[in-house]
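Working notes for the structure below.
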Amino acid sequence: MTQLVETIADLRAIRWQDPSLTWGLVPTMGALHEGHIALVRQARRDNDRVAVSIFVNPTQFNDPADLEKYPRNLAQDIEMLRAENVDLAWSPPVNEMYPHGFQTSVIVKELTRPLEGEHRPGHFEGVATVVAKLFNAVQPTRAYFGQKDVQQVAVIKRMVRDLNFNLDVVVHPTVREADGLALSSRNSRLSPGERTAAAVLYRALSVAKSRFDSGETDAAALRQMMTDIINDEPLSRIDYVSVAHPDTLQEFTGDVEQALLSLAVYIGEIRLIDNMVIG
Ligand code: AMP
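Here the sequence shown is numbered in my numbering, starting from 121 and rising by one per residue.
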């Protein structure tokens, strides 16, 4: 049975009914899709109990229009979670998470400067702070995150180590559509033409990976290859294209042995991200 709660007090009452049970937490912003559900299923396999949080966190949106237009569908989300036998669906109102007078935040430094951090000022301060709050509220045994948001994974892992959160971070591979497009709540905002064009992100990553596998190891050449493929798609506009160190996220120059390919691309007005590790 899926229990629905809004307040942290109600959440904790259920969480601590039996302290001997393990709990998996899947943090989400709702508008659930098969990518989220893959995380839920992994959590279901690994733990006695599964909690899913649904919270569109205003502090991680650097663009007010993006926050306003972010898709929301709580009733359908809860149906999907019931079908997965999730134990607890937690959808806190904004004032439960950010009561009047709220003024504390978590800042992860170097890791949040490049890539998404550079292009979305304040984003990771919002993410780290809300995830710390979700962790403190639920105190899960394990927490589940998707590889699609690779910098988020790095930031959360760093925060867990640095602030001694007593939980394991579990990372799930990116779930994709048949044409390679990474599932995302924002995909629902693409027009049919844009939806077709959006496959260019995965195509660019895949071509760079196969050229790397057949001997092209120069970071600038790999970056240029992805840039050219995306620029060939008329509906796309590049925000960034990166070939970076998988741990530090610093841009590479020269030859690479192992690297994180990542990109952020506007398809029409919708900003999409994707990544692939090579080597
Ligand atoms: P979101 O609701 O977009 O904040 O995503 C909630 C969690 O689901 C995050 O850890 C995401 O990385 C993960 N996620 C979103 N889309 C995918 C996907 N296509 N494959 C795997 N994980 C995903």
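Note that CB positions come from ideal geometry on N, CA and C, so glycine has one too.
Does the beta-carbon of residue i, which I'm using as the reference point, lie nearer than 8 Å to any heavy atom of the ligand AMP?
i      : result
GLY300 : no
VAL206 : no
GLN272 : yes
MET396 : no
LEU159 : yes
ALA151 : yes
HIS243 : no
HIS156 : yes
TYR386 : no
PHE265 : yes
SER305 : yes
ASP269 : yes
ARG132 : no
Should residue i go down as buried or exposed, given a rule of 16 or more other Cβ atoms within 10 Å for buried?
i      : result
GLY221 : exposed
ASN215 : exposed
ILE157 : buried
ASN284 : exposed
ARG233 : exposed
LYS189 : exposed
LYS227 : Checking the displayed sequence, the identity of residue 227 turns out to be Ile instead of Lys. Its Cβ having fewer than 16 others within 10 Å, ILE227 is exposed.
ASN395 : buried
ASP138 : exposed
ASP197 : buried
ASP207 : buried
Inspect the beta-carbon positions of residue i and residue j and report whether they are closer than 9 Å.
i      : j      : result
LEU187 : SER362 : no
LYS268 : ILE393 : yes
VAL170 : VAL146 : yes
ALA328 : GLU297 : no
ARG262 : ALA163 : yes
THR122 : ASN205 : yes
Terminal residues of the continuous alpha helix (DSSP H) containing residue i?
i      : result
GLN272 : 270-282
PRO184 : 184-189
THR316 : 312-317
If I follow the unbroken beta strand (DSSP E) through residue i, where does it start and stop?
i      : result
HIS292 : 288-292
ARG233 : Note, ARG233: premise wrong, no beta strand (DSSP E); not H, not E.
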